[in-house]
Amino acid sequence: MNTAYLILGGNKGNKLQNLQHALQLITDTSGEIAGKSDIFATSAWGNTNQPDFLNQAVCLKTSLTAENLLINLISIEQLLGRVRDHNKWMERTMDIDILFYNDEIINTADLKIPHPFIQERKFVLVPMAQLAPKLIHPILKKNIETLLSECHDKLEVTKLHAANDRQTSSL
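Sequence positions in the sequence shown follow this note's numbering and run 5 to 175.
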């Protein structure tokens, strides 16, 4: 069984409902969710002229290869209304990135693991620090707690809902 860490995020539509739906689809298609962080609200990164994002980190136990997991996650994004184009940092209903896959280093045209910008983004590090603070980045050789303490990202990351909250407000 493989262990993958994912970050889910969206800032379009019913963001909380989209996260919950994505979690269900991940469970249905890709494996067992072994852990998840609380849900955090963050201002948009890169292109700040858009609604805030909701983000959540997830630990997934999966029998899929990293490549097949990526295929499933892209399909889930599309099912939830994600439209991919060449514009970076735009509004989206759902974005799911593979942050880590076991302790593997993968560098292909379609897949880079660990995700190359983990250490630069608090919206990733804060939920990951809650979920797996001692997880070691296989390239940087530092744990998530250390990466968060060294991160220069100034965006505020605010806990919105505990992982077990079932609130379905329209955020």
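We treat Cβ as the ideally placed atom computed from N, Cα and C, and that holds for glycine.
Shortest alpha-carbon distance to residue i belongs to which of the options?
i: residue 40; options: 10, 66, 156 and 32; result: 10
i: residue 136; options: 164, 104, 29 and 67; result: 104
i: residue 4; options: 129, 118 and 68; result: Shown here, the chain extends from 5 to 175; a query on residue 4 therefore has no answer.
i: residue 33; options: 53, 79 and 6; result: 79
i: residue 95; options: 118, 63 and 16; result: 16
Less than 8 Å between the C-beta atoms of residue i and residue j, yes or no?
i: residue 44; j: residue 127; result: yes
i: residue 26; j: residue 98; result: yes
i: residue 23; j: residue 12; result: yes
i: residue 58; j: residue 85; result: no
Sort out for me which residues DSSP pairs residue i with in a bridge.
i: residue 165; result: 43
i: residue 128; result: BP columns for residue 128 are empty, so no partner.
i: residue 155; result: Looking at the DSSP assignment, residue 155 forms no beta bridge with any residue, so it has no partner.
i: residue 57; result: 46
i: residue 101; result: 11
i: residue 65; result: 7 and 36
Would residue i be called buried (16 or more neighbouring beta carbons within 10 Å of its own) or exposed?
i: residue 107; result: exposed
i: residue 61; result: buried
i: residue 169; result: With a pLDDT of 45 at residue 169, under the threshold of 50, the modelled position of this residue cannot be trusted, and the question is left open.
i: residue 144; result: exposed
i: residue 102; result: buried
### the stretch 68 to 83 / the stretch 151 to 161 touching (three or more Cβ pairs under 8 Å)
In short, these stretches do not touch, since the Cβ pair count stays below three.
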